[in-house]
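The structure under discussion appears below in the form of C-alpha cells.
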Amino acid sequence: MDFATLIEILDSTVRLGTPLLFACLAGLFSERAGIFDIGLEGKMLAAAFLAGAVAAVTGSAWLGTLAGIGGSLIFAAIHGFASITFRGNQLISGVALNFLASGMTILLGQYWFGLGGRTPALIAGGRFEAITLPFADALAPIPVIGRLYSDLLSGHSALVYIGFACVPASAFLLYRTRFGLRLRAVGENPAAVDTAGISVTGIRYAAVAICGVLCGLAGAYLALGLAAGFGKEMTAGRGFIALAALIFAKWRPWYALGATMLFGFLEAVGNRFPKIEIGFISVPSQFMQALPYILTVVILAGFVGKATPPRAGGEPYVKER
2 MDFATLIEIL DSTVRLGTPL LFACLAGLFS ERAGIFDIGL EGKMLAAAFL
52 AGAVAAVTGS AWLGTLAGIG GSLIFAAIHG FASITFRGNQ LISGVALNFL
102 ASGMTILLGQ YWFGLGGRTP ALIAGGRFEA ITLPFADALA PIPVIGRLYS
152 DLLSGHSALV YIGFACVPAS AFLLYRTRFG LRLRAVGENP AAVDTAGISV
202 TGIRYAAVAI CGVLCGLAGA YLALGLAAGF GKEMTAGRGF IALAALIFAK
252 WRPWYALGAT MLFGFLEAVG NRFPKIEIGF ISVPSQFMQA LPYILTVVIL
302 AGFVGKATPP RAGGEPYVKE R
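If you use the numbering used here, the sequence shown corresponds to residues 2 to 322, in order.
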C-alpha cells in the first residue's frame, strides 16, 4: 500500500466515521444520564429523511439540517415521555421508534415525492460542499505533512468539522461543568441527586434532548454530506454500530472518537479493497463489506461484561415520598 492509497483510506475513514461519531456521542449523553437508547437508528433515519426532503424542497442544506434535528428531537421527546415520564421499558421504546422510523420514512417519501421512498437527488446548495482549509493548496506539494493537511484534514464538509469539535465540547461539558457532574450523577445514583434538590427528570430530559440534536446531525450528514439525498434504510445499522462503539469506548468522549474511527476505517478498507488475495487464499468481497458488523458482534460478545455502564442505566426513577 503506497502513501496515496493510505491517505485515500484515511480520508474515507473520516467521512464514514462521522455519522457514527455523532450517534455515539448522542448515546453517550443519554446513557450517562441513565436512559438507554436503542432508538439511535430510528432517530438518525428520521433525521436523514427530513433533512433530505426539506433540502430538496428549499435548496438549502442548513434548512435541511435544522429539519433533521427537529425530526430527531420529536423522536427523542417520544422516547423521553415513554422512558422518563411514564417509566416504561427503555429498550422496547427504542425498538418501537426504530420500526416507526423505518415505515414512516418510506410511506411519507412515497407520498411526497413518488420515488419509492427516496427523495430527489440534491444539487449544489442542497447538500454540503467540501471546505478547503487555508493554505491547503500552497502546502500540498510538501511531502507527507502537506499531503496530510491538504488531502486529509482539508476538503470535508462543515458537519465533519462540527462532529470532531463535538468531542472536546462533550468532554468539557461532562467533566468540567456543573451540568455534566449532575448528568453523570443521575446515571449513577439518581436518589442522591434528588436528595440534593436537583430535578432528576429535568436532567434526564436534557440528556435525551442533546441525544436528539446529535442524532439529527448524524442523519443530516448521511443525507446531505455523505450522499446526495435520502435513500430507503440508508442508515444501514449505523445506530447499532454506534452503540457497540459506545460500549467499546466505555462511555467516554475521546474513546468514542477512536472507536468510531476504527469502524469507519474497517468500512473504508472494505470499500477500497473489495477482494483481497493472501497467498492462495482469496478473501471474498462479502466478508470485507461485513467487517464493521463482524467487529460489532465481537465487541458486544467480548466487551459487554468488561465495560461497566452507568449503574442506574435502564432503570426508571421513582421519586421517594
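From the three backbone atoms N, C-alpha and C, an ideal C-beta is built for every residue, glycine too. None of the values given here were measured: they were computed from a predicted structure.
Nearest candidate by alpha-carbon position, reference residue i, set the options
i, options, result
"Thr120", "Thr19, Gly60 and Leu17", "Gly60"
"Ala48", "Ala141, Ser171, Ser103 and Ala257", "Ser103"
"Gly126", "Leu64, Gly118 and Ser84", "Leu64"
"Leu7", "Leu267, Cys167 and Ala221", "Leu267"
"Pro293", "Asp152, Pro310, Tyr162 and Met262", "Met262"
"Val298", "Ser94, Ala172, Ala246 and Ile79", "Ala246"
"Ala291", "Pro254, Ile242, Pro311 and Gly314", "Ile242"
"Leu123", "Phe50, Thr133 and Ile248", "Phe50"
"Gly271", "Val194, Thr14, Phe4 and Gly156", "Thr14"
"Pro311", "Val161, Gly28, Leu21 and Glu9", "Gly28"
"Lys233", "Leu108, Ala57, Ala78 and Ser94", "Leu108"
"Gly226", "Gly35, Gly69, Glu42 and Glu9", "Gly69"
"Ala228", "Ala62, Gly43, Ala141 and Ile132", "Ala62"
Bridge-paired residues (DSSP) for residue i
i, result
"Ile132", "His157"
"Ala125", "Arg128"
Alpha carbon of residue i to alpha carbon of residue j, nearest angstrom
i, j, result
"Cys25", "Val209", "13 Å"
"Leu154", "Pro135", "11 Å"
"Leu295", "Ala302", "Leu is not the amino acid found at residue 295; the sequence shown has Ile there. Going from the Cα of Ile295 to the Cα of Ala302 covers about 11 Å."
"Leu218", "Phe37", "19 Å"
"Thr196", "Asn190", "10 Å"
"Cys212", "Val55", "21 Å"
"Tyr256", "Asn99", "26 Å"
"Ala250", "Pro285", "30 Å"
"Gly53", "Gly110", "10 Å"
"Met105", "Phe288", "31 Å"
"Ala139", "Val145", "14 Å"
"Tyr150", "His80", "41 Å"
"Phe4", "Phe76", "44 Å"
"Thr18", "Phe30", "Residue identity check: residue 18 is Gly in the sequence provided, not Thr. When rounded, the distance between both Cα atoms is 19 Å."
"Ala172", "Arg33", "12 Å"
"Lys320", "Ala192", "8 Å"
"Ser283", "Pro275", "11 Å"
"Trp113", "Gly43", "20 Å"
"Val214", "Ala207", "11 Å"
"Leu92", "Ala131", "38 Å"
"Gly164", "Arg239", "16 Å"
Which of helix, strand or coil DSSP assigns to residue i
i, result
"Tyr318", "coil"
"Gly259", "helix"
"Thr178", "coil"
"Cys192", "Residue identity differs from the one stated: residue 192 is Ala in this sequence, not Cys. Looking at Ala192 - three-state DSSP - the assignment turns out to be helix."
"Gly265", "helix"
"Val270", "helix"
At 4 residues or longer, and completely inside the stretch 19 to 101: list those alpha helix (DSSP H) runs for me, N to C. 41 to 59 and 62 to 81
Restricting to runs no shorter than 4 residues, where is the alpha helix (DSSP H) found entirely within the stretch 221 to 251? 239 to 249
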